[in-house]
Each structure stands twice: as C-alpha cells, then as structure tokens.
Amino acid sequence: MGNSEVTYNRIAMLRAERGISRRQLADALGVHYQTVGYLERGEFSPSLHLALRICAYFEVPVEVVFSLDPFPRLGAESNSAARPA
Numbered sequence: 001m002g003n004s005e006v007t008y009n010r011i012a013m014l015r016a017e018r019g020i021s022r023r024q025l026a027d028a029l030g031v032h033y034q035t036v037g038y039l040e041r042g043e044f045s046p047s048l049h050l051a052l053r054i055c056a057y058f059e060v061p062v063e064v065v066f067s068l069d070p071f072p073r074l075g076a077e078s079n080s081a082a083r084p085a
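Each residue of the sequence shown is one higher than the one before, starting from 1 at the first, in UniProt numbering.
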C-alpha cells in the first residue's frame, strides 16, 4: 500500500475515551475483534460501509474518526499557545 492509500483513524482514542474493549466494539460492528486491531494500527482500511457504521456507533461525523492526513497530536496546539513568546 502506497502512502497515498493510507487512512488515519482515531478508533483507539474513541474506544479508550468510552472505556470500550476491542471485543465490545467488534461485537457491536459484527466483525472479528482482530479486525478492530488491524484498523487501529492502520494495517487495514475499512470499507465505506464499515467506516460509516463505526462513526454511527461512536455518534460522530466521519471526519472525527478518519482522515487522509495524520491527526495532530492531542495537546500540541494548546501547548504551543501556552508557551510565552
């Protein structure tokens, strides 16, 4: 898979925020729990149908979960804003 085909996601972060295990998410989505791991590590890109089901499960828009560009590190913007010039 070339770099142009990489899809970034926040599935692990959303799962952790909500205290949901990989198995619980997999069961809710009707996939094997290892599929969730592959998705989180970027080893597998979901079908459009699965991506939309993931977003529906977490009740967030697609762009909150998936991106073609890496997500900024959490706190990176607020840390730089808090530093004196």
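Note that CB positions come from ideal geometry on N, CA and C, so glycine has one too. Here the structure is a predicted model, which is why all the values come from computation and not from measurement.
Which two residues bound the contiguous alpha helix (DSSP H) that contains Arg22?
Here the alpha helix (DSSP H) through Arg22 covers 22-29.
Less than 9 Å separating the beta-carbons of Gly37 and Asn9?
Asn9 sits away from Gly37, with the two beta carbons spaced by 9 Å or more.
Under 9 Å, do Ser47 and Thr7 count as touching if we go by C-beta distance?
no
Could you give the C-beta distance for Phe58 and Leu14, rounded to a whole number, given that I count them as a contact under 8 Å?
5 Å
In chain order, what residues of the same chain lie with their CB nearer than 7 Å to the CB of His32, ignoring the 5 residues before and after it?
Ala26
Residues in the same chain with beta-carbon distance under 8 Å from Val62, minus the five sequence neighbours each way, listed in chain order, please.
Ala51, Leu52, Cys55
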